[in-house]
Each structure stands twice: as structure tokens, then as C-alpha cells.
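Numbering (the UniProt record's numbering), first residue to last: 1 to 376.
Every residue, glycine too, gets a C-beta built ideally from N, C-alpha and C.
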């Protein structure tokens with residue numbers, strides 16, 4: 001049976017790059033792998049065909065011979081001199097290990113000697129609104145893992161040292177043969193560390209790290225908001241066996257304020273006023289983060305009216321001008337009236353009867369209600 005064109009097998013153009021070849025091969029191999037298609041002879045044949053095509057086209061010399069002479073240039077039975085393709089190829093294990101490292105949990109380039117970067121840590125820092133707006137310096141206490149001092153992070157008892165794992169030769173990975181292919185797996189003896197500690201340190205029990213609390217000073221810039229992060233380089237967990245430490249990320253959480261609500265660089269607050277001030281107008285003192293300011297209330301002000309105090313918001317941490325303070329008016333109805341106050345309000349109500357010009361919104365609303373019921 002005639003062999004198909006290798007480029008056709010992988011579904012790529014003749015000028016395909018190495019990355020395109022690997023991507024196409026990965027897709028086909030994942031689809032037709034025998035472990036995913038047990039007992040399926042057709043899938044197994046397609047898997048072998050894809051492997052044969054990839055082995056030839058991923059090798060520069062074999063690919064050049066194939067491009068010039070076709071299958072005759074790479075098949076010994078046809079007189080080709082570039083070496084045989086298929087499962088007997090000299091570099092099949094390397095190809096398979098590279099492409100399938102994520103599929104089988106193995107991988108190339110393991111952590112030699114067990115050196116690993118320490119984990120990053122997260123710390124949530126709660127601030128008052130004033131602290132977040134103005135900036136501050138805060139001391140925090142963070143639980144973390146630090147290098148064990150008695151063994152200097154080696155995990156071995158003082159006077160001794162770890163030895164290279166004889167099973168994996170210090171690589172942390174071993175190659176396992178499974179049927180017609182081989183994969184890399186974590187070394188079962190050293191568990192991927194690449195070394196063995198025969199006499200562990202009594203303080204850290206061979207871990208090389210111990211739990212400890214760090215006291216750190218965090219400088220919080222002005223204008224931060226909930227969700228902002230401050231990175232403290234190398235203040236995370238200590239690395240394994242001499243590896244670099246991770247980072248500490250301080251995540252800001254701004255507490256709810258009794259007066260202001262924040263939206264980005266703008267602040268919002270509700271200002272209660274009496275109905276007499278709303279009707280007659282007046283001047284009020286309203287709070288800002290910088291102190292009190294005067295706010296003029298025009299006569300006839302209604303509930304929901306919003307006044308803007310420019311520049312009284314927050315200067316963003318990433319730069320730009322400060323936002324504004326938005327004051328929303330809420331007209332407050334008087335309560336607990338004495339007899340004389342009730343009499344005055346009764347007189348006031350009587351003086352308004354029959355004159356809708358004093359309540360334009362109410363009169364317009366009632367007219368709309370009449371039309372609504374009239375249409376029904």
C-alpha cells in the first residue's frame with residue numbers, strides 16, 4: 001500500500017515551520033493515541049503514520065532528503081540514506097517526551113537538584129478611606145516559610161550534606177518504557193528533588209524551611225483603592241534548596257465609610273436638609289476629606305438634587321487630577337412637632353390649597369394619573 005505524503009498526513013503546507021509541525025502532530029497524536037482508543041486498529045495505524053511523518057519532517061536532514069526524493073529519500077528499503085522512519089527512529093523518545101510532556105505528567109528539563117522558587121504570598125490589608133486617599137505606612141505580620149538557620153536551608157544535619165539521587169542521577173525524572181513508547185516520570189526515590197538526605201536536620205526535619213512570622217513595613221501610596229496590589233519582592237516563601245524566594249502581594253481592601261462612598265476617583269455623600277431650607281434656600285456646611293466647605297442651597301431645591309464640589313474627590317494612585325465630591329440632597333420631613341408647630345404647618349398648608357404653582361411636580365403627576373384612569 002502506497003504511503004501518503006507526510007505533509008498531507010500532518011495537514012500542513014510544505015513550508016510549515018517547526019512550531020506548526022509540532023502543533024499538528026500534537027493534535028493528531030492526542031486524537032489517535034492508543035490509550036485513548038483501546039482496541040481501535042485504525043486509530044493505532046493513524047497514530048503510527050502521524051509519528052512517522054513527524055519524525056521525518058522534524059529532522060532537518062531527513063526533511064531535506066524527503067523534500068528532494070520523497071519517500072525514497074528516507075526509507076532504507078527503497079534505497080534511502082537518511083535513516084528509517086517510524087518507531088525505530090533514533091530520536092523518537094525525545095520527540096515523544098517533548099510533545100507529550102503535559103499529557104503524561106512527565107517532562108523535560110526538570111528541576112535539577114530540587115532547586116525551586118518559593119511560593120508567592122497574598123496578604124489582605126484593610127484601610128480606612130482616609131488612609132487609602134492620603135497614603136500611609138503600615139506594619140504587618142505575615143506567616144511564611146523561611147530558610148532553616150541550623151542547616152542553612154539544605155535540609156541536612158550540620159556536618160552532613162545531601163547526596164545526588166543514584167536512581168535519577170540528580171535530574172529528578174526517570175524514563176519509563178511503556179509498550180512501544182517511553183515517558184518521563186517523577187523519580188520515585190527522591191520524589192523529583194534530585195537528591196537524598198540521609199541525615200536530616202532536626203529543626204526542619206529535612207525540609208530546609210521552617211514556619212515563621214515576618215514583621216514588614218508597607219508603604220501605601222496615596223489614592224489606592226480596593227483590589228489594588230502592592231508587590232514586595234522576595235518577601236514570599238523561601239525557595240527550596242537555595243532557590244529564590246517568592247514575592248508578597250499586599251491586596252488593599254478599603255473599609256466602608258460612615259459618610260462617603262467612593263467610585264473610582266469620585267466621592268459621593270448624602271446631605272439631609274430641612275424642608276424650610278429646601279423651600280427658602282440657605283447655606284450649609286458639608287464635610288470633605290480636607291475639612292468643611294460651604295454649600296449654597298438655592299430656594300426650591302428638591303430631594304435628589306446633586307451638587308458637585310470640584311477637586312474634592314480622590315487623586316488616583318496612577319496619576320491624573322483629583323475627582324469630585326458629589327453631594328446629593330435629601331429633604332427631611334420634620335418629626336415630633338409640638339402644638340404650635342402643627343398649627344403653623346396647618347396654616348401653611350391651607351395657604352397653598354388651590355394654587356398648584358407651588359408644587360409643579362405634584363400637579364403634573366396628578367394630571368398624568370387622571371389621564372391614565374380616563375384612558376381606561
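Check: Straight-line Cα distance separating residue 228 from residue 218; Outcome: 14 Å
Check: Sufficient close CB pairs (3 or more, under 8 Å) joining the segment 314-321 to the segment 260-276; Outcome: yes
Check: Reference residue 386; option with closest CA among 325, 292, 332 and 322; Outcome: No answer is possible for residue 386: the residues shown for the chain start at 1 and end at 376.
Check: Rounded C-alpha distance that separates residue 32 from residue 246; Outcome: 41 Å
Check: Identified DSSP bridge partners for residue 249; Outcome: 122 and 231
Check: Touching by the beta-carbon criterion (3+ pairs, under 8 Å), the segment 188-206 and the segment 150-168; Outcome: yes
Check: Residue burial classification, residue 124 (beta-carbon count within 10 angstroms, cutoff 16); Outcome: exposed
Check: Backbone secondary structure at residue 356 - three-state DSSP; Outcome: helix
Check: Per-residue burial, residue 348 [other beta carbons within 10 Å of its own, 16 or more giving buried]; Outcome: exposed
Check: Own chain partners of residue 66 with C-beta closer than 8 Å, once the 5 adjacent residues on each side are dropped; Outcome: 6, 56, 57, 73, 74 and 82
Check: Distance between residue 207 and residue 154 (C-alpha atoms, nearest Å); Outcome: 8 Å
Check: Beta-carbon spacing of residue 222, residue 134 below 8 Å; Outcome: yes
Check: Residue 299, buried or exposed, once every other Cβ within 10 Å from all chains shown has been counted against 16; Outcome: exposed
Check: Cutoff 6 Å; reference residue 257; Cβ partners in own chain excluding five residues on either side; Outcome: 129
Check: Contacting residues, own chain, Cβ-Cβ under 8 Å from residue 158 (five flanking each side not counted); Outcome: 150, 151 and 201
Check: Residues bridged to residue 283 (per DSSP); Outcome: 296
Check: For residue 46 and residue 37, the rounded distance between their alpha carbons; Outcome: 11 Å
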